[in-house]
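Engineer: Below is the structure I would like to discuss, written out as structure tokens.
Numbering (my numbering), first residue to last: 618 to 1011.
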């Protein structure tokens, strides 16, 4: 333990591990209260007198180590993540279905409790609500999602709801439409549903990876009509072509850990819902799908076809949220890592963020993809900045 503490102090001196903030300097009359000014006054985790820092866990000093460690914690339960959800199934206009997992409780609940069911304090109807959109193939059961949902309520006073993607988390797939990074309709319908059942509540959103890309794209599409008070993204893909090209590059961790695990999850998802998938308009080669060993192969054989595109490249172009960042008109904070093994730095639209007073970007040196572990005993760093940002606008 003393050795680890010594290493931590040495690394602190060796490198500042500063948090880099990128925002617009626009101070036009209509933008008197900019996202930057709000961060400066309301987000101490990002703006400290001597510079905000994200000190990575000393034994997780690379993007791959951070990312692999996160995957290893997927089903972990501790005092930061041990929660139970209140599930609601939401029917969508096209016959699709998504599951909404609420913590601690959804706004509408049956009046009669079953025998032995604990009495739960029902939050005030004005309690602000935060939608969490997981990464692709991720669900409400992931460690990082549970930690965030618990912190949102326990520390921030927010009611959390996880939007599980179609066909994920024991949710039936009822149409041939699959999870894809280009489609924002499920998020739009979820927001409308929440407005209907909790009309007095302010609504925010947090997205991860593909979920972050969907959220960013939605905000750009809707402009001032997003019906969200604020949004935060973690590890947003932004430019999906650059991101998936990076994901396809050979490396030890990519070839031995990331690609095998993610492709296995996608193949399992496809085979689980095979009967529904083949009812769509496209033709699918399941022999080729089951032999695929790279995510990009599966995007070509499955995801792009199911979404109605002729080529994988067409799908990536349509899914790229970077093209819509300039149209965002909701307070927006993106958190990315410079050593993310999935999202390259060149995929991040720095200029679009600098030119839009509604948007801000925070980058750290060592956070991997969605991990951002800090401290000798790893804790997720981005939770506090996220709570501060949402609290400032909600």
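Note that the Cβ used here is the ideal one computed from N, Cα and C, for glycine as well.
One question on the structure: do residue 677 and residue 877 come within less than 8 Å of each other, judged by their Cβ atoms?
Structural biologist: No. Outside cutoff.
Engineer: Which ranges would you report for the alpha helix (DSSP H) in the stretch 649–699 if only whole runs of at least 4 residues count?
Structural biologist: For the stretch 649–699, whole alpha helix (DSSP H) runs of length 4 or above, ordered along the chain, are 652–659 and 680–689.
Engineer: So for residue 953, helix, strand or coil by DSSP?
Structural biologist: Residue state, collapsed to three classes: strand.
Engineer: Look at the alpha carbon of residue 695 and the alpha carbon of residue 703, and state the distance between them as a whole number of angstroms.
Structural biologist: Whole-angstrom Cα-Cα distance: 19 Å.
Engineer: By the 10 Å Cβ neighbour count, where 16 or more other Cβ atoms means buried, how is residue 1021 classified, buried or exposed?
Structural biologist: A question about residue 1021 goes unanswered here, because the residues of the chain that appear run from 618 up to 1011.
Engineer: Check whether the stretch 803–814 and the stretch 752–765 are in contact - that is, three or more C-beta pairs closer than 8 Å.
Structural biologist: Counting Cβ pairs under 8 Å, fewer than three are found: no touch.
Engineer: Quick one: is residue 895 buried, meaning 16 or more other Cβ sit within 10 Å of its Cβ, or exposed?
Structural biologist: Residue 895 is exposed by the Cβ-count criterion.
Engineer: For residue 760, does the three-state DSSP call read helix, strand or coil?
Structural biologist: Helix at residue 760.
Engineer: Enumerate in chain order the residues of its own chain whose CB-to-CB distance from residue 916 is below 6 Å, with the five nearest sequence positions on each side excluded.
Structural biologist: Excluding positions up to five away in sequence, the list reads 929.
Engineer: I'd like to confirm something about residue 833: is its beta-carbon nearer than 7 Å to some heavy atom of the ligand MG, or not?
Structural biologist: Judged by which ligands are present, the structure shown has none, so any question about the ligand MG falls away.
Engineer: In this structure, does DSSP put residue 730 in helix, strand or coil?
Structural biologist: Residue confidence for residue 730 is low, a pLDDT of 47 falling below 50, so the modelled location carries little weight and cannot support an answer.
Engineer: If we count the other Cβ atoms within 10 Å of its Cβ and call it buried at 16 or more, is residue 651 buried or exposed?
Structural biologist: Result: buried.
Engineer: Which value, in whole angstroms, describes the spacing of the CA atoms of residue 801 and residue 880?
Structural biologist: Using only the alpha carbons, I get a separation of about 23 Å.
Engineer: Between which two residues does the alpha helix (DSSP H) containing residue 802 stretch?
Structural biologist: Note, residue 802: alpha helix (DSSP H), 802–814.
Engineer: Can you look up residue 634 in the DSSP assignment and give me helix, strand or coil?
Structural biologist: Residue 634 falls in the coil class under three-state DSSP.
Engineer: Three-state secondary structure (DSSP) at residue 990?
Structural biologist: Residue state, collapsed to three classes: strand.
Engineer: Inspect the beta-carbon positions of residue 933 and residue 924 and report whether they are closer than 8 Å.
Structural biologist: No, they are not a contact pair.
Engineer: For residue 789 and residue 900, what's the separation of their Cα atoms in angstroms?
Structural biologist: Computed Cα separation, rounded: 21 Å.
Engineer: Could you tell me the distance, in whole angstroms, from the CA atom of residue 955 to the CA atom of residue 864?
Structural biologist: Residue 955 and residue 864: Cα-Cα distance of roughly 15 Å.
Engineer: List the whole-angstrom C-beta distance separating residue 607 from residue 858, where the pair is believed to meet the contact cut-off of C-beta under 8 Å.
Structural biologist: What the structure shows of the chain is the stretch from 618 to 1011, and residue 607 is not part of that stretch, so it cannot be assessed.
Engineer: Are residue 883 and residue 828 closer than 8 Å when you measure CB to CB?
Structural biologist: The answer is no: Cβ separation not under 8 Å.
Engineer: Taking only runs of the alpha helix (DSSP H) that begin and end inside the stretch 876–961, which ones reach a length of at least 4 residues, in chain order?
Structural biologist: Runs found: 876–889, 891–894, 903–908, 912–915 and 929–936.
Engineer: From residue 710 to residue 720, what does the alpha carbon distance come to, in whole angstroms?
Structural biologist: For residue 710 and residue 720, the distance between alpha carbons rounds to 25 Å.
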